[in-house]
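Asks:
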Amino acid sequence: MSRTSGRTMDRDVTLDCDVVVVGSGAGGAVIAATLAEAGQRVILLEEGPVLDAMAHGRMRPSESLRSIWRDAGMTLAVGIGDSPSINVTSARVLGGSSMVTGGVCFRADAEVLDGWSRELTIDDLDANAMDRWYSEVERDVHVEPVPVSLRSRSTNLFIEGGEKIGIPFHSMNRNTNGCTGNGRCNFGCPNGAKMSVDLNYLPRAERAGAELWTDCLVERVITEGTRATGVRGRFVDEKKERTQFHFSVFAKRVVLAGGAAYTPLILRASGLAKRSGALGRNLSLHPSFRVMAEFDEPVRGWHGALQSAYSDHFHADGMVFNSVFTPHGVVAAAMPGFGKHHARFRERIANIAMFGGMLHDDGGGRLWRFFGREPLMTYRMSKRDRARVPLLLRRMAEIFFSAGARRVFLPVFGSEPIEPDDLAGAPLESTHGRLFECSSQHPLGTCRMGSDPRASVVRPTGELWDVKNVYVADGSILPTSLGKNPQLTIMAMAKRVANRLVN
Amino acid sequence: MIAEALFADDGEANAARLDWLIRDLDDFLNRAGARPRLVFALCVAVLSLFAPLWIGRFTTLSDLPLAERSRALHKAEGGLLGPPALAAKAILCILWFEHPDVDREERAR
Numbered sequence: 027m028s029r030t031s032g033r034t035m036d037r038d039v040t041l042d043c044d045v046v047v048v049g050s051g052a053g054g055a056v057i058a059a060t061l062a063e064a065g066q067r068v069i070l071l072e073e074g075p076v077l078d079a080m081a082h083g084r085m086r087p088s089e090s091l092r093s094i095w096r097d098a099g100m101t102l103a104v105g106i107g108d109s110p111s112i113n114v115t116s117a118r119v120l121g122g123s124s125m126v127t128g129g130v131c132f133r134a135d136a137e138v139l140d141g142w143s144r145e146l147t148i149d150d151l152d153a154n155a156m157d158r159w160y161s162e163v164e165r166d167v168h169v170e171p172v173p174v175s176l177r178s179r180s181t182n183l184f185i186e187g188g189e190k191i192g193i194p195f196h197s198m199n200r201n202t203n204g205c206t207g208n209g210r211c212n213f214g215c216p217n218g219a220k221m222s223v224d225l226n227y228l229p230r231a232e233r234a235g236a237e238l239w240t241d242c243l244v245e246r247v248i249t250e251g252t253r254a255t256g257v258r259g260r261f262v263d264e265k266k267e268r269t270q271f272h273f274s275v276f277a278k279r280v281v282l283a284g285g286a287a288y289t290p291l292i293l294r295a296s297g298l299a300k301r302s303g304a305l306g307r308n309l310s311l312h313p314s315f316r317v318m319a320e321f322d323e324p325v326r327g328w329h330g331a332l333q334s335a336y337s338d339h340f341h342a343d344g345m346v347f348n349s350v351f352t353p354h355g356v357v358a359a360a361m362p363g364f365g366k367h368h369a370r371f372r373e374r375i376a377n378i379a380m381f382g383g384m385l386h387d388d389g390g391g392r393l394w395r396f397f398g399r400e401p402l403m404t405y406r407m408s409k410r411d412r413a414r415v416p417l418l419l420r421r422m423a424e425i426f427f428s429a430g431a432r433r434v435f436l437p438v439f440g441s442e443p444i445e446p447d448d449l450a451g452a453p454l455e456s457t458h459g460r461l462f463e464c465s466s467q468h469p470l471g472t473c474r475m476g477s478d479p480r481a482s483v484v485r486p487t488g489e490l491w492d493v494k495n496v497y498v499a500d501g502s503i504l505p506t507s508l509g510k511n512p513q514l515t516i517m518a519m520a521k522r523v524a525n526r527l528v529n
Numbered sequence: 207m208i209a210e211a212l213f214a215d216d217g218e219a220n221a222a223r224l225d226w227l228i229r230d231l232d233d234f235l236n237r238a239g240a241r242p243r244l245v246f247a248l249c250v251a252v253l254s255l256f257a258p259l260w261i262g263r264f265t266t267l268s269d270l271p272l273a274e275r276s277r278a279l280h281k282a283e284g285g286l287l288g289p290p291a292l293a294a295k296a297i298l299c300i301l302w303f304e305h306p307d308v309d310r311e312e313r314a315r
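Protein chains in written order, with the working numbering: chain L, 27 to 529; chain E, 207 to 315.
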């Protein structure tokens with residue numbers, strides 16, 4: 027096992043290898059394990075620290091936020107025009123955002139994959155061709171359906187309400203093994219049951235000889251002419267600040283897997299991938315909305331699997347309902363008012379149920395360089411998606427009322443909860459977009475793959491169009507949003523890219 | 207100032223729990239990194255300066271009596287100040303509900 031932390035470095039360091047992988051999440055971990063097992067000398071660089079899975083599971087949610095969530099969970103994509111601003115969450119830790127997901131593993135719909143294959147004329151991207159890579163990663167990360175017995179009362183209430191009005195629900199698949207329903211997957215599992223990549227692909231990579239370097243912030247790709255020869259960056263201290271010491275890793279190939287928000291920044295800082303004008307554009311987010319409902323009965327939605335069931339009944343309208351629950355404090359924060367007004371709602375937290383609604387968006391986001399090393403994200407929601415927001419919220423409120431909810435809390439800043447008779451008259455259509463509370467866990471598309479160098483950043487193989495030896499293997503290469511949680515697809519795409527590199 | 211306005215039920219907020227919250231908030235912001243610290247400070251500054259305008263008062267939030275402060279913040283969160291109000295409220299609520307008493311209260315229910 028070879029792990030080194032940049033925190034301990036008191037000098038500049040130069041290394042060399044066959045492949046340097048930047049980022050240790052769903053994309054980077056898969057690439058590192060696959061290439062190391064194929065006999066290549068791999069160095070993996072991660073900006074964040076190491077956090078043991080069991081230690082993460084013992085943390086309070088806010089300790090997880092302050093330790094490994096990027097910006098402590100406060101990253102915002104600023105809404106432009108009539109668009110909501112969107113809280114975009116990700117992690118900076120060994121294992122990347124796989125450490126803070128709910129573990130949901132969907133394959134992309136065949137129509138999405140076949141559409142990519144057809145429109146981009148990439149013949150090995152259709153559902154049949156991708157089946158091999160999906161099957162491998164499903165086995166590797168132990169994807170299994172969530173048993174009905176692990177559904178929380180919160181989830182069951184929404185399902186009961188939906189089924190009363192003809193909306194079917196299904197069990198989700200997740201990468202878990204031994205889940206007992208602690209309801210806190212995204213803040214670490216107390217049983218180590220969430221099979222994030224720190225528990226499978228990264229140990230495999232290490233066993234096959236890969237070196238894992240943490241607390242290493244990659245700032246640019248080193249090039250000679252039209253070929254990349256490695257990466258350069260700086261070590262990071264325990265306060266997440268760059269130290270004075272630099273590292274350089276020289277390699278035959280560079281694989282960038284820093285995620286859709288960071289890979290474009292490295293490329294831009296390196297002066298690469300500018301030709302198409304697509305770098306940093308085409309950002310899709312899967313804008314998501316939490317709707318909460320108060321019931322007369324105690325719900326205690328935190329007992330059970332955090333995410334367990336979904337409905338794609340309104341798939342044609344670009345909407346998916348995903349079960350979810352959040353810590354008490356997040357529930358309370360979504361309730362209106364301060365002081366006495368807020369207290370009368372927060373005293374009823376045990377009676378609150380919650381469900382999530384997600385849009386299969388058209389994109390419209392963009393990354394900009396900003397002060398320091400973090401990007402500025404902006405998001406202009408398409409007219410079609412914007413029109414879907416009130417419809418999504420009405421449908422979710424209707425389901426909760428059908429389940430017997432006394433009141434529903436819509437995600438509109440400062441709005442009072444509504445009762446069943448209020449729903450028809452709720453002014454959702456005329457509410458300005460910036461007043462909707464919206465979140466995203468799925469930034470995608472900022473280095474889109476394609477077969478036309480004028481409209482894409484990477485080739486169908488994952489290699490940059492304008493520089494040899496630089497590959498991208500994270501959510502940024504997905505040409506469009508998926509309408510489903512993308513973790514499994516990112517892993518499968520990374521497998522596909524890795525297979526090309528091995529061969 | 208904002209935490210006191212948020213968690214005052216009838217009269218005043220629980221002082222011991224507020225002290226615990228402020229200590230934990232300090233640790234949270236110290237460990238979260240420079241950008242979250244800046245974002246949080248901006249949210250507090252914006253709320254402090256502009257929230258009183260929502261109830262027609264031309265002063266800072268800290269100069270308002272507790273009940274007026276709660277009312278100003280409540281009004282402000284439904285308007286342009288919704289995002290900063292939610293950001294501040296989210297962090298304060300997450301920490302508040304992690305106080306050791308919450309588990310005890312939960313088990314007692």
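Yeah, the Cβ is synthetic: ideal placement off N, Cα and C, and Gly gets one too.
All values derive from a computational prediction rather than experimental measurement.
#1: Going by other Cβ atoms of all chains shown within 10 Å of its Cβ, with 16 needed for buried, is arginine 165 of chain L buried or exposed?
#2: What is the DSSP secondary structure of tyrosine 288 of chain L, reduced to helix, strand or coil?
#3: Taking 8 angstroms as the cut-off, decide whether the C-beta atoms of leucine 309 of chain L and threonine 472 of chain L are in contact.
#4: Within 8 angstroms of any Cβ in chain E, is that where the Cβ of aspartate 140 of chain L sits?
#5: Hey, quick one: how far does the beta strand (DSSP E) through methionine 380 of chain L stretch, first residue to last?
#6: In the DSSP output, what is alanine 103 of chain L paired with across the bridge?
#7: Nearest-angstrom Cα distance between arginine 144 of chain L and aspartate 36 of chain L?
#8: Give the single residue among L/Met422, L/Ala59, L/Trp142, L/Arg29 whose Cα lies nearest to the Cα of alanine 234 of chain L.
#9: Chain L partners of isoleucine 261 of chain E, CB-CB under 9 angstroms?
#10: For the beta strand (DSSP E) holding glycine 259 of chain L, just list the boundary residues, first then last.
#11: Can you check whether the CB of isoleucine 57 of chain L is closer than 8 angstroms to the CB of alanine 524 of chain L?
#12: Taking Cβ to Cβ, would you say leucine 224 of chain E is nearer than 8 angstroms to glutamate 210 of chain E?
#13: Classify arginine 480 of chain L: buried if its beta carbon has 16 or more other beta carbons within 10 angstroms, exposed otherwise.
#14: Any idea if alanine 360 of chain L is buried or exposed, counting beta-carbon neighbours within 10 angstroms, 16 or more meaning buried?
#15: If contacts are defined as beta-carbon pairs under 8 angstroms, then isoleucine 516 of chain L and alanine 52 of chain L qualify, I think. What distance do you get, rounded to the angstrom?
#16: Does the beta carbon of methionine 407 of chain L come closer than 8 angstroms to any beta carbon on chain E?
#17: List, in order along the chain, the chain L residues whose C-beta lies closer than 7 angstroms to that of proline 289 of chain E?
#18: List, in chain order, every chain E residue whose beta-carbon is nearer than 7 angstroms to that of aspartate 97 of chain L.
#19: Helix, strand or coil: how does DSSP classify isoleucine 425 of chain L here?
#20: With DSSP as the reference, please indicate the residues paired to valine 68 of chain L in a beta bridge.
#21: How would you list, in chain order, the residues of chain L whose beta-carbon sits under 9 angstroms from the beta-carbon of glutamate 304 of chain E?
#22: Cutting at 7 angstroms between CB atoms, please list the residues of its own chain near leucine 328 of chain L, excluding the five before and the five after it.
#23: Can at least three beta-carbon pairs, one atom from the segment 289-308 of chain L and one from the segment 81-93 of chain L, be found at a separation below 8 angstroms?
#24: Less than 8 angstroms between the beta carbons of glycine 187 of chain L and phenylalanine 426 of chain L, yes or no?
#25: Since valine 346 of chain L is in the beta strand (DSSP E), which residue starts that stretch and which ends it?
#26: By how many angstroms is the C-alpha of glycine 501 of chain L removed from the C-alpha of glutamate 264 of chain L?
#27: Would you kindly check if the distance between the Cβ of glycine 54 of chain L and the Cβ of leucine 41 of chain L is under 8 angstroms?
#28: Using the three-state DSSP reduction, which class does asparagine 154 of chain L fall into: helix, strand or coil?
#29: When the Cα of glycine 509 of chain L is compared with those of L/Arg96, L/Val138, L/Asp152, L/Arg67, which residue comes out closest?
#30: Does any residue of chain E have a CB that is nearer than 8 angstroms to the CB of glycine 365 of chain L?
#31: Let me make sure I understand the geometry here. Which of L/Leu332, L/Leu102, L/Met125, L/Leu61 has the alpha-carbon closest to that of glycine 74 of chain L?
#32: So which of L/Met198, L/Arg246, L/Glu267, L/Glu373 has the shortest CA-CA distance to valine 257 of chain L?
#33: Starting from arginine 370 of chain L, follow its DSSP beta bridges and name the residues at the other end.
#34: If I'm right that valine 245 of chain E touches isoleucine 208 of chain E with Cβ under 8 angstroms, what's the distance once you round it to whole angstroms?
#35: Measure the C-alpha to C-alpha separation of methionine 475 of chain L and proline 469 of chain L and round it to an integer number of angstroms.
#36: How is the alpha helix (DSSP H) around tryptophan 226 of chain E delimited, first residue to last?
Replies: Quick look at the numbers:
#1: Within the first sequence, the letter at position 139 stands for residue 165 of chain L. So arginine 165 of chain L ends up on the exposed side.
#2: The count along the first sequence starts at 1 and reaches residue 288 of chain L at position 262. Coil, per DSSP.
#3: On the first sequence, residue 309 of chain L is found 283 positions in, with the first residue counted as 1. On the first sequence, residue 472 of chain L is found 446 positions in, with the first residue counted as 1. Yes. Within cutoff.
#4: One-based indexing of the first sequence puts residue 140 of chain L at position 114. No, because no Cβ of chain E sits closer than 8 angstroms to the Cβ of aspartate 140 of chain L.
#5: Taking the first sequence and counting its residues from 1, one reaches residue 380 of chain L at position 354. Start and end: 378-385.
#6: In the first sequence, counting from the first residue as 1, residue 103 of chain L sits at position 77. For alanine 103 of chain L, which the question treats as bridged, DSSP gives the partners L/Ile112, L/Met403.
#7: Numbered from 1 along the first sequence, position 118 holds the residue referred to as residue 144 of chain L. Numbered from 1 along the first sequence, position 10 holds the residue referred to as residue 36 of chain L. Those two C-alpha atoms are separated by around 52 angstroms.
#8: Position 208 of the first sequence, counted from the start, is the residue given in the question as residue 234 of chain L. The shortest Cα separation from alanine 234 of chain L among L/Met422, L/Ala59, L/Trp142, L/Arg29 belongs to L/Ala59.
#9: Locating residue 261 of chain E in the second sequence gives position 55, where the first residue counts as 1. Residues of chain L passing the Cβ test: none, with the nearest at roughly 12 angstroms.
#10: The count along the first sequence starts at 1 and reaches residue 259 of chain L at position 233. Note, glycine 259 of chain L: beta strand (DSSP E), 253-262.
#11: Along the first sequence, read from residue 1 onward, the residue named residue 524 of chain L stands at position 498. Along the first sequence, read from residue 1 onward, the residue named residue 57 of chain L stands at position 31. Contact flag set, yes.
#12: For the purposes of this step, residue 224 of chain E is taken as the residue at position 18 of the second sequence. For the purposes of this step, residue 210 of chain E is taken as the residue at position 4 of the second sequence. Cβ distance < 8 angstroms, so leucine 224 of chain E and glutamate 210 of chain E count as in contact.
#13: Locating residue 480 of chain L in the first sequence gives position 454, counting from the first residue. Arginine 480 of chain L comes out exposed.
#14: The residue given as residue 360 of chain L occupies position 334 in the first sequence. Result: buried.
#15: For the purposes of this step, residue 516 of chain L is taken as the residue at position 490 of the first sequence. For the purposes of this step, residue 52 of chain L is taken as the residue at position 26 of the first sequence. The Cβ separation is near 4 angstroms, so the contact holds.
#16: On the first sequence, position 381 is the one that residue 407 of chain L refers to. No, its Cβ sits nowhere closer than 8 angstroms to a Cβ of chain E.
#17: To locate residue 289 of chain E, count along the second sequence from 1; it is residue 83. Ser111, listed in chain order.
#18: Looking up residue 97 of chain L in the first sequence gives position 71. Those are Gly239, Arg241, Pro242, listed as they occur along chain E.
#19: Indexing the first sequence from 1 puts residue 425 of chain L at position 399. In this structure, isoleucine 425 of chain L counts as helix in the three-state DSSP scheme.
#20: Start at 1 with the first residue of the first sequence, and residue 68 of chain L comes out as number 42. For valine 68 of chain L, which the question treats as bridged, DSSP gives the partners L/Val45.
#21: As a first step, residue 304 of chain E must be located in the second sequence, where it is residue number 98. Going along chain L in sequence order, the residues near glutamate 304 of chain E (Cβ under 9 angstroms) are Arg86, Pro87, Ser88, Glu89, Pro353, His354, Gly355.
#22: Translated into positions along the first sequence, residue 328 of chain L becomes position 302. One point to set straight first is that residue 328 of chain L is tryptophan, not leucine, in the sequence displayed. Cβ within range, chain order: Gly209, Phe351.
#23: no
#24: As a working mapping, residue 187 of chain L is identified with position 161 in the first sequence. As a working mapping, residue 426 of chain L is identified with position 400 in the first sequence. Contact flag set, yes.
#25: As a first step, residue 346 of chain L must be located in the first sequence, where it is residue number 320. 345-349 is the extent of the beta strand (DSSP E) around valine 346 of chain L.
#26: Your numbering for residue 264 of chain L matches position 238 in the first sequence. Your numbering for residue 501 of chain L matches position 475 in the first sequence. So the alpha carbons of these two residues sit roughly 27 angstroms apart.
#27: Taking the first residue of the first sequence as position 1, residue 41 of chain L is located at position 15. Taking the first residue of the first sequence as position 1, residue 54 of chain L is located at position 28. Their beta carbons are not under 8 angstroms apart, which means leucine 41 of chain L does not touch glycine 54 of chain L by this criterion.
#28: Stepping through the first sequence from its first residue, residue 154 of chain L is reached at position 128. Correct three-state label for asparagine 154 of chain L: helix.
#29: To locate residue 509 of chain L, count along the first sequence from 1; it is residue 483. Considering only alpha carbons, the answer is L/Val138.
#30: Along the first sequence, read from residue 1 onward, the residue named residue 365 of chain L stands at position 339. Closer than 8 angstroms: yes.
#31: Here residue 74 of chain L is taken as the residue at index 48 of the first sequence, counted from 1. Out of L/Leu332, L/Leu102, L/Met125, L/Leu61, L/Met125 has the C-alpha closest to the C-alpha of glycine 74 of chain L.
#32: Here residue 257 of chain L corresponds to residue number 231 of the first sequence, with the count starting at 1. Among L/Met198, L/Arg246, L/Glu267, L/Glu373, the Cα nearest to that of valine 257 of chain L belongs to L/Arg246.
#33: The count along the first sequence starts at 1 and reaches residue 370 of chain L at position 344. Arginine 370 of chain L pairs with nothing; no bridge assigned.
#34: The residue given as residue 245 of chain E occupies position 39 in the second sequence. The residue given as residue 208 of chain E occupies position 2 in the second sequence. The Cβ separation is near 14 angstroms, so there is no contact.
#35: Against the first sequence, residue 475 of chain L aligns to sequence position 449. Against the first sequence, residue 469 of chain L aligns to sequence position 443. Answer to the nearest angstrom: the Cα atoms are 15 angstroms apart.
#36: As a first step, residue 226 of chain E is located in the second sequence; it is residue number 20 there, counting from the start. That run of the alpha helix (DSSP H) goes 221-238.
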